[in-house]
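Contents: one structure, followed by commentary.
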Amino acid sequence: MQEAEIVMLEESFAEVVAVRDEAAELFYERLFVHDPSLRAMFASSDMKEQGRKLMAALSLVVGSLRKLDTVVPALETLAIKHVGYGVRDEHYATVGKALIETLSLFFANRFTLEHRRVWTLAYETVATVMIAASNTSGVRELLRRSS
Ligand code: HEM
23 MQEAEIVMLE ESFAEVVAVR DEAAELFYER LFVHDPSLRA MFASSDMKEQ GRKLMAALSL
83 VVGSLRKLDT VVPALETLAI KHVGYGVRDE HYATVGKALI ETLSLFFANR FTLEHRRVWT
143 LAYETVATVM IAASNTSGVR ELLRRSS
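Using our numbering, read the sequence shown as starting at 23 and increasing by one per residue.
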């Protein structure tokens, strides 16, 4: 991604961090509207904890783009952890949709088409690495055997 696009993401991410609890509430509300079955996956945390985890996820998305090569191993480890949570490939699109809706509701008319394009590209870049990692090295088979 271009430097100007990454700076745009960093600036909007900083605004989201400032209201993390509200952003998390909105995000999970949108996520569970699209797929109520995902509720069970997040059942154990309260909203503060959820907010912290959402910000960790977004920080990883924004922070990975300048050094994708070096963060790929960490993303792969994270992806394998996600397989263990029960995350399937199709859930990545649902989370991406809920993320864009959350940003769009939060920023309202300040969320330009360019913001939408850049956030979508960033999320899809990281999600693609994670999905690929979940499907290599017999990860699913190993988890199936160990459960
Ligand atoms: C680009 C995509 C994603 C990124 C960067 C990401 C990142 C993260 C991070 C950093 C954590 C915190 C890990 C920890 O504290 O141990 C986390 C937790 C989690 N993520 Fe993701 N995630 C992504 C997509 C997804 C998707 C598609 C799902 C499925 C709906 C999902 C479900 C979860 C769950 C269930 C947890 C644990 C929550 C808990 O312990 O309460 N994530 N994710």
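For glycine and all other residues, C-beta sits at the position ideal for the given N, C-alpha and C.
M24 by DSSP, collapsed to three states: which one? Working through the sequence shown from its first residue, we reach residue 24 at position 2. Per the sequence shown, residue 24 should be read as Gln rather than Met. Coil, per DSSP.
Here's a check: name, in chain order, each residue in its chain whose Cβ is nearer than 6 Å to the Cβ of E98, leaving out the five neighbours to either side. Counted from its first residue, the sequence shown places residue 98 at position 76. The residues are A155.
Apart from the five residues just before and just after M152, which ones in its own chain have a Cβ nearer than 6 Å to its Cβ? Counting from one through the sequence shown, the residue named residue 152 turns up at place 130. Once the five neighbours on either side are set aside, the close Cβ partners of M152 are L97, A101.
Kindly examine the ligand HEM and report whether one of its heavy atoms sits closer than 6 Å to the Cβ of L127. The residue given as residue 127 occupies position 105 in the sequence shown. No.
Cα-Cα, which of H137, L143, L121, Y145 is closest to L48? Counting from 1 along the sequence shown, the entry for residue 48 is found at position 26. Ranked by Cα distance from L48, the first of H137, L143, L121, Y145 is L121.
With H, G and I counted as helix, E and B as strand and the rest as coil, what does DSSP make of F133? Along the sequence shown, read from residue 1 onward, the residue named residue 133 stands at position 111. DSSP places F133 outside both helix and strand once states are collapsed to three, so it counts as coil.
Which residue's Cα is closest to the Cα of R42: L53, V29, K75? Position 20 of the sequence shown holds residue 42. Comparing Cα positions, the closest option is K75.
Alpha helix (DSSP H) segment containing V94, residue limits: Residue mapping note: residue 94 aligns to position 72 of the sequence shown, counting from 1. V94 -> alpha helix (DSSP H) spans 90-107.
Find the nearest neighbour of M77 within the set E44, Y114, L127, T158, judged by alpha-carbon distance. Along the sequence shown, one-based indexing puts residue 77 at 55. Of the listed residues, the one whose Cα sits closest to M77 is E44.
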